[in-house]
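Shown next, in structure tokens, is the structure this report addresses.
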Amino acid sequence: MDCQGRVALITGVHGQDGTYLAELLLAKGYQVHGLAPYLRYGLPMDPRVQFHPCDLSDGSNLHEVLELSRPSEVYHLGAQSHVKLSFEMPVHTVDVTGLGTLRLLEAVRQFRDRSGQDIRFYQASSSEMFGKIAESPQTETTPFHPRSPYACAKVYAHWQTINYRESYNLFACCGILFNHESPRRGEAFVTRKITRAATRIKLGLQHELRLGNIDARRDWGFAGDYVEAMWLMLQQSRPADYVIASGHQHSVREFLDEVFGHLDLDWQRHVVIDPAFYRPAEVDTLLGDASKARRELGWQPRVGLKELARLMVESDLILARQEAAAAAVR
Ligand code: GDD
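Those letters in the sequence shown? Residues 25 to 354, by the numbering used here.
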């Protein structure tokens, strides 16, 4: 598809998904605008992305950003996205992740009505909304039972997005994405915490890894595959909501086996279970059924868990070697 000259605006552009999506859209010929609270925050960004500072808990310059960028596609990825942190900062999380979405939806609607611009909206919904699961696997019709301030905020944002579609005929899609990881994943999320620690242990830079509930089960995929689904949703003739998942489930224990095994290490000798990393309420198990996305979007994941773990270990080994080299010259 020729997308030359199309304009996209991405919120949370410095995050894992934001950077992968920006690269995908730039490669397709889009002009990409990015929004995030600070200029230097998160991952390095492609210099072709035009950056606009904006905090979703404020939103007072959203109108200006939309007027300046005039996007035909808005990808709303920005959020306080750490589940455990949301218990410690519940009001902030709900403000950014829940109300922030409403601020953006309303600004987008007003901009569309003022300018007559055809505009499509993607909402980053989350499998955390299923929480205490009502059935397995989870689909687009599985009821929600959120288990954290973060998940409650995502349910709110999800329904607001659907309401803007139904009330104002906004072309708006919710992607209910299951966990997706990569070498760019933040180090406070369990997969990256594990690959960072295992590679540092391998090089003698640390000896211990403190974790919480390692019996939790997740449906993990590769972020690079998942951003393609976001784009595909906005290219359809009708807006709809889609589950995006690998359809395979593993425990944190199994991820430990995979990562430490790859490095010829025994995780049992290094992992310490620390109650500080337990959550007041846990989501024990998640498993997605992405049949609708396969059928209607022609989407399917390419990278499986083994390959994902390998990618992350290899990337973190480079970082650990740099750290070891820096320590040696000190
Ligand atoms: N972060 C973290 N740190 N998680 C741990 C730890 C630890 O030390 N030890 C065990 N876990 C368990 C958590 O309790 C959880 O059950 C599981 O590992 C995964 O945790 P995270 O990687 O933090 O991800 P998440 O599942 O809570 O949420 C992520 O995925 C959602 C999609 O389902 C986030 O990216 C959310 O923003 C996203 O919506």
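C-beta: ideal position from N, C-alpha, C; glycine also.
Asked	Found
Taking one C-beta from the region 230-245 and one from the region 177-196 each time, how about it: are there three or more such pairs within less than 8 Å?	no
Of all the options E164, Y266, E47 and R209, which has the alpha carbon lying nearest to the alpha carbon of L321?	Y266
Determine, using beta-carbon pairs with one atom in the region 152-163 and one in the region 305-320, whether at least three such pairs fall under 8 Å.	yes
Please tell me whether, using a cut-off of 6 Å, the distance from the CB of Y111 to the nearest non-hydrogen atom of the ligand GDD is below it.	The question names Tyr, but residue 111 in the sequence shown is Phe. False, no ligand heavy atom lies under 6 Å from that Cβ.
What is the rounded straight-line gap between the Cα of V37 and the Cα of G102?	7 Å
Just checking, does the region 97-111 make contact with the region 68-75 on the three C-beta pairs under 8 Å criterion?	no
Using a threshold of 6 Å, is the CB atom of L80 nearer than that to any non-hydrogen atom of the ligand GDD?	no
If we call anything under 7 Å between Cβ atoms a contact, is D290 one with A269?	no
Ignore the nearest five residues each way along the sequence and tell me which others in L256's own chain have a CB closer than 7 Å to its CB.	L321 and W323
With distances taken between CB atoms, is the gap from L227 to A348 smaller than 7 Å?	yes
Identify the continuous beta strand (DSSP E) that holds R199 and give its terminal residues.	Per the sequence presented here, residue 199 reads as Gly, with Arg not at that position. Unbroken beta strand (DSSP E) run through G199: F195 to L201.
Over the uninterrupted alpha helix (DSSP H) stretch that includes V214, give me the two end residues.	V214 to K226
Assuming V179 and P170 make a contact with CB atoms under 8 Å, what is their CB distance in whole Å?	5 Å
Quick one: any contact between the region 30-48 and the region 196-216, if contact means 3 or more CB pairs under 8 Å?	yes
At which residues does the alpha helix (DSSP H) containing T125 begin and terminate?	G124 to S139
Spatial neighbours of I186 within its chain, please: CB distance less than 8 Å, with the 5 preceding and 5 following residues excluded, ordered by chain position.	A196, C198 and D265
Over what stretch of residues does the beta strand (DSSP E) that includes E97 continue unbroken?	E97 to H100
May I ask whether a heavy atom of the ligand GDD can be found less than 6 Å away from the beta carbon of V120?	no
Going straight from the alpha carbon of P263 to that of V107, what length do you get?	28 Å
What alpha helix (DSSP H) runs, 4 residues minimum, are completely inside the region 256-297?	276-286
Which runs of the beta strand (DSSP E) fall wholly inside the region 51-78 and span at least 3 residues, in chain order?	55-60 and 74-77
Could you check whether the Cβ of S149 sits closer than 6 Å to any heavy atom belonging to the ligand GDD?	no
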